[in-house]
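K.L.:
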Amino acid sequence: CDELRLVGGGSKNALWRRIIADTFGLTLRFPAEAESAALGAALQAAAASEGADVGEYVASHAPPLLGEDMQPDPSMRAAYDAAFERHQRLGRQLFAVPR
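The numbering used here applies: residue 110 is where the sequence shown begins, and numbers increase by one.
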C-alpha cells in the first residue's frame, strides 16, 4: 500500500490530515464523493451481488479523487515511532501483558 484514502469529517481537518499522513508515512488522497464510506459499502455490496472479488471490483470502479493530496513529513517519523513504542510499553505495564 503506498497511499491512504481519507474520508469522513476528520478528512477536512488540516491537522488531522497531517497526523495521519505522518504516522502512517503514506500519501493521503481524498475522494471527491462526500459520502465515500457509503459509496464504499455500495461498491462492496455490488461486488458481492455479482459474485466478483471485492478488491478487483472496487479497483475497476474507483471513485474520482480530488486533485489534492498530502505527503508525509519524513522528519516526524522518529517522534511518532517513539510515541508508539511508549504507548505499547505503558499499555503492557497497565494491563500486565507479557512481552
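C-beta atoms are modelled at their ideal positions from N, C-alpha and C, and glycine is treated no differently. Values in this document were obtained by computation on a predicted structure and should not be read as measured data.
With a CB to CB cut of under 8 Å and the five nearest residues on each side skipped, what residues in its chain are close to L135?
P.N.:
So the list reads C110, D111, E112, L113, P181, once near-sequence residues are dropped.
K.L.:
Would L93 and L115 be called neighbours here (beta carbons separated by less than 9 Å)?
P.N.:
Residue 93 lies beyond the stretch modelled for the chain, which goes from 110 to 208, so this question has no answer here.
K.L.:
Is A130 buried or exposed, if buried means 16 or more other CB atoms sit within 10 Å of its CB?
P.N.:
With 16 or more Cβ atoms within 10 Å of its Cβ, A130 is classed as buried.
K.L.:
When the Cα atoms are used, what is the spatial distance from F193 to G118?
P.N.:
About 25 Å.
K.L.:
Suppose you measure from the CA of L175 to the CA of G200; what does that come to, to the nearest Å?
P.N.:
Those two C-alpha atoms are separated by around 38 Å.
K.L.:
State the CB to CB distance for the pair E165 and F139, rounded to an integer number of angstroms; the pair is presumed to be in contact (CB under 8 Å).
P.N.:
The Cβ separation is near 23 Å, so there is no contact.
K.L.:
In this structure, how does DSSP classify L115 when only helix, strand and coil are distinguished?
P.N.:
Here L115 sits in coil by DSSP.
K.L.:
To the nearest angstrom, report how far apart E159 and E144 are at their CA atoms.
P.N.:
One C-alpha to the other measures close to 23 Å.
K.L.:
Pull the bridge partners of P181 from the DSSP assignment, please.
P.N.:
According to DSSP, P181 bridges with nothing at all.
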